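Read through the structure below, which is laid out as structure tokens, and then see the notes.
Residue numbers (the working numbering): 358 to 409.
Here it is in structure tokens:
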């Protein structure tokens, strides 16, 4: 994991999506924030790879 200090951010998301993410986070023994951070990083990496 990165040593950057995490900042609090407010975002609007559909409750059904948050529920799915929370379930996956708990299953992975991670916080929702950690799980979302990881998911975003993976998505960004895939998008960058598609541009190459």
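The C-beta atom is built at its ideal place from N, Cα and C for all residues, glycine as well. Model, not experiment: these values are computed from the prediction.
| Item | Value |
| --- | --- |
| Boundaries of the alpha helix (DSSP H) in which residue 367 is found, first to last residue | No alpha helix (DSSP H) contains residue 367, which DSSP labels as neither H nor E. |
| Euclidean distance between Cα positions of residue 360 and residue 373 | 31 Å |
| Where the alpha helix (DSSP H) containing residue 387 begins and where it ends | Note, residue 387: premise wrong, no alpha helix (DSSP H); not H, not E. |
| Test item: CB-CB of residue 389 and residue 396 under 8 Å | no |
| Residue 381 and residue 392 closer than 8 Å at C-beta | yes |
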